[in-house]
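These protein sequences, in sequence, are chains E and X.
If you're matching positions, the first sequence starts at 0 in numbering that gives the first Met the number 0 and goes up one per residue.
If you're matching positions, the second sequence starts at 0 in numbering that gives the first Met the number 0 and goes up one per residue.
No residue lacks a Cβ here, since even glycine has one placed at the ideal position from N, Cα and C.
Note that this is a predicted model, so its numbers are computed, not measured.
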Amino acid sequence: MICESGGIVVPATIDAIEEVALYLEECLEQAEVPLMEATRIQLAVEEAVTNVVTHGYETEGGKVSIRCVSSPELVTITITDTGPAFDPTKIPPADVTADLDHRNIGGLGVHLIKSVMDEVLYNREMDANQLTLVKRLSTS
Amino acid sequence: MSELLDVTTRSIEGVTIVDVSGRMDAATSRDVETTLNSLIDGGSRKIVFNGQQLSYISSSGLRVILASLKRLRQDGGELALASLQAAPLEVIKMTGFDRIFTICETPEQAVSRISG
Chain E
0 MICESGGIVV PATIDAIEEV ALYLEECLEQ AEVPLMEATR IQLAVEEAVT
50 NVVTHGYETE GGKVSIRCVS SPELVTITIT DTGPAFDPTK IPPADVTADL
100 DHRNIGGLGV HLIKSVMDEV LYNREMDANQ LTLVKRLSTS
Chain X
0 MSELLDVTTR SIEGVTIVDV SGRMDAATSR DVETTLNSLI DGGSRKIVFN
50 GQQLSYISSS GLRVILASLK RLRQDGGELA LASLQAAPLE VIKMTGFDRI
100 FTICETPEQA VSRISG
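This is the structure we're talking about:
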């Protein structure tokens, strides 16, 4: 089963995270993506959208569009915003070996995105930031 | 409190158990943060985070528990994690938080660990 939805557009706010989660849940369920994989993908997308909310628009009213295309073997999610140019793949990775005294949260989101997804691609086109997340699923 | 998250607290042998149910994401983690800060402000120094009903945690959730752990340890206190489901546990391991936190199979074990 394939899910090829048109996507959703939400305000670039933390409260919109739930709507994004619901949209993804429906699409991934329709594509029969196993629950554990779906949860991982949810995580990566939330981290990406949170980055847009936190580092993106300088004023209120910005929007984020999320589009999921999914089959049981391949999930491709595109996250687009029209905020200032911002490439989340360039955020320095968090030091996940640091002890408590040297631990920061900065960079953990990108670390999680890169840990979960097989491809993380950033593109700046027509004044828009476009982040594409790709996950290949094993069907064996 | 969000419908997607529920937080309750109880005590066992002087240790506060925080039972978190649902999802800890960027929106809902604020509620857990409020609860943990209230407990610490109120004098709790030994806290067990019970994740038996926690289905999901993102970096926002990790930020909250990390901040609480730092606050507690500064004062000789402790925050342990218990009964983590597979998905949150995977996130904890992916981020190396399993090297920082005490993680137990059950809240009772966690109580015993941090009381001793």
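Please state the DSSP three-state secondary structure of residue i.
i: E:N50; result: helix
i: E:P91; result: coil
i: X:T34; result: helix
i: X:F100; result: coil
i: E:M1; result: As written in the sequence, residue 1 of chain E is Ile, which differs from the Met given in the question. In the structure shown, E:I1 sits in coil (DSSP, three-state: anything other than H, G, I, E or B).
i: E:A127; result: strand
i: E:Y22; result: helix
i: E:V32; result: coil
i: X:E89; result: helix
Under 8 Å by Cβ, that's how I've got residue i and residue j pegged, so tell me the actual separation to the nearest angstrom.
i: E:V68; j: E:E3; result: 5 Å
i: X:I102; j: X:L71; result: That belief does not hold up - the Cβ atoms of X:I102 and X:L71 are roughly 16 Å apart, past 8 Å.
i: E:G84; j: E:R123; result: The residue you asked about is not Gly; residue 84 of chain E is Ala in the sequence shown. Yes, they are in contact, since the Cβ atoms of E:A84 and E:R123 sit about 5 Å apart, within 8 Å.
i: E:G61; j: E:A127; result: At roughly 11 Å, the Cβ-Cβ gap does not stay under 8 Å, so E:G61 and E:A127 are not in contact.
i: X:Q84; j: X:L53; result: 6 Å
i: E:K134; j: E:V74; result: 4 Å
Count the other CB atoms, across all protein chains shown, that sit within 10 Å of the CB of residue i; report buried if there are 16 or more and exposed otherwise.
i: X:A86; result: buried
i: X:D30; result: buried
i: E:P87; result: buried
i: E:H110; result: buried
i: E:I1; result: exposed
i: E:Q41; result: buried
i: X:R9; result: exposed
i: X:D18; result: buried
i: E:D80; result: buried
i: X:R22; result: buried
i: E:V116; result: Looking at the sequence itself, residue 116 of chain E is Met, so the reference to Val does not match. Buried, because 16 or more other Cβ atoms sit within 10 Å of the Cβ of E:M116.
i: X:S58; result: buried
i: E:E25; result: exposed
Checklist entry - Using a Cβ cut-off of 9 Å, which residues of the region 55-66 of chain X contact any Cβ in chain E, in chain order? => result Y55, I56, S57, S58, S59, L61, R62, L65, A66
Item to check | Touch test, the region 17-24 of chain E against the region 49-56 of chain E, Cβ-Cβ under 8 Å, three pairs minimum | outcome: Touching, no, given that fewer than three Cβ pairs across the two stretches are closer than 8 Å.
Checklist entry - Got a sec: which bits of the region 15-27 of chain E sit with their beta carbon under 9 Å from any beta carbon on chain X, in order along the chain? => result A15, I16, E17, A20
Checklist entry - According to a CB-to-CB cut-off of less than 7 Å, which residues of the region 20-39 of chain X neighbour chain E? => result D24, A25, A26
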